[in-house]
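Its first residue numbered 24, the sequence shown is counted upward by one per residue in the numbering used here.
A short worksheet on the structure shown next.
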Amino acid sequence: MIFVISLIAILALLALLIFCFTVFFDQAVFNRRGTVYRVKTDQKKVALTFDDGPSPVWTPLILDELKKADVKATFFMIGHHVKKYPEIAQRVAQEGHTIANHGYAHSVVLYYTPEEIEEEIKYTEYVIKEITGQTTKYFRPPKAWLPKDIKQKIKAMGYKVILWSLNSKDWVRFSHQYIVKYLVRHIRNGDILLFHDSGDVFKTEGGSRRQTVLAIPLLVKTLQEKGYEFVALEELLNE
Ligand SMILES: [Zn+2]
24 MIFVISLIAI
34 LALLALLIFC
44 FTVFFDQAVF
54 NRRGTVYRVK
64 TDQKKVALTF
74 DDGPSPVWTP
84 LILDELKKAD
94 VKATFFMIGH
104 HVKKYPEIAQ
114 RVAQEGHTIA
124 NHGYAHSVVL
134 YYTPEEIEEE
144 IKYTEYVIKE
154 ITGQTTKYFR
164 PPKAWLPKDI
174 KQKIKAMGYK
184 VILWSLNSKD
194 WVRFSHQYIV
204 KYLVRHIRNG
214 DILLFHDSGD
224 VFKTEGGSRR
234 QTVLAIPLLV
244 KTLQEKGYEF
254 VALEELLNE
C-alpha cells in the first residue's frame, strides 16, 4: 500500500514538474542552432506567427483583427487542417498573409528519418499549393523538436527552419492582458512572436483561442505606439 502511494506521489510530482517546465520554460531555446528565431536589425520590425491552423472558428476572428489593424502575419499551417478547412486557408492567402509549413499531421519529428520528413514536408507543400496557390518556403517543427540530421535535410530542401524568439504561451490560456504585458516587456527589434490560431492545451483543434484573438489588437496598438511595425516573415528576413 505504501509502495502504491509513493508511486502515485512520484508520478504526480513528475507530471507537475513537466507541466511547470512547459509552462514557464521554452524548450525551443535548445534547438535554435541553425534555425531562424530572430532577425538582427536596427529597424523596429517584428513578425507575428500563428501555428496549428487553419481553424474554422478562430482563424477568421484573428484575420478580422489583423485586417482592422492593417497588419500582415505568417501562418504555419498543418496540412490536414488545410485539407479539412480549405476555404479558411484560402482566405488567409487572399488577405495577403504568408502561409508556411507546419507538417501534415503535427507529429513531433524527433523519430523521423530524413526521407520521412522530406515526404511529409513535400506533401504538405503540395496540399497548401493546390488549395491556396502559395508555395511554402518556411518550416516550423511541431513542438520545436528536431534532430540535427533532420534540420540539415530540411535546409537541403531549400527551406528555412523558423522558430521564435518570443513565445506568447497562449496555449496555456493566460489572460490576454497578461500575454500582452509579457510580450511588450520583452520585445526587441527583429523578434518572431509565436501564437496559435487553433487548438487547446494539448490538442491542435477543439479548444479556445479567445485570449489570442483578444491579445492581437491590444498588442498591435501598444507596440505601434512604441514605434514597432508588424511584418510578414519575408519582409523581416528581407526576402
Ligand atoms: Zn504546432
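Beta carbons: idealized from backbone N, C-alpha and C, even for Gly.
Contact between the region 167 to 186 and the region 196 to 203 is absent: fewer than three C-beta pairs spanning the two stretches fall below 8 Å. The DSSP assignment places 215 to 219 as complete runs of the beta strand (DSSP E) inside the region 136 to 224, in order along the chain (cut-off: 3 residues). Given a length threshold of 3 residues, each whole run of the beta strand (DSSP E) inside the region 45 to 132 is given here in chain order: 68 to 74, 97 to 100 and 121 to 124.
Assignment of E258 by DSSP, reduced to helix, strand and coil, places it in the helix class.
A straight-line Cα-Cα distance of about 6 Å links W81 and S221. Assignment of E252 by DSSP, reduced to helix, strand and coil, places it in the strand class. Taking 7 Å as the cut-off, one finds at least one heavy atom of ligand 1 near enough to the beta carbon of P165.
Contact between A255 and A96 holds: CB atoms are separated by about 6 Å, below the 8 Å threshold. A contact between stretches requires three or more CB pairs, one per stretch, nearer than 8 Å, and the region 114 to 126 meets this requirement with the region 142 to 159. Sequence-distant Cβ neighbours of A116 in its own chain, meaning closer than 7 Å and more than five residues away, are I122, T155, G156 and Q157. Between ligand 1 and the CB of D75, the shortest heavy atom gap is smaller than 7 Å. Excluding its 5 nearest sequence neighbours in each direction, G230 has C-beta neighbours in its own chain below 6 Å: G222 and D223, listed in chain order.
With contacts defined by Cβ atoms closer than 8 Å, W168 and L133 form a contacting pair. Cα atoms of M180 and L39: separation of roughly 39 Å, rounded to the nearest angstrom.
Between the alpha carbons of H125 and Y149 lies a distance of about 13 Å. In this structure, T227 sits near D75, with a CB-CB distance shorter than 8 Å. With a threshold of 7 Å, the Cβ atom of H103 does not count as near ligand 1, since no heavy atom of the ligand is closer than that.
Contact between R55 and L186 holds, with the beta-carbon distance rounding to 6 Å and staying under 8 Å.
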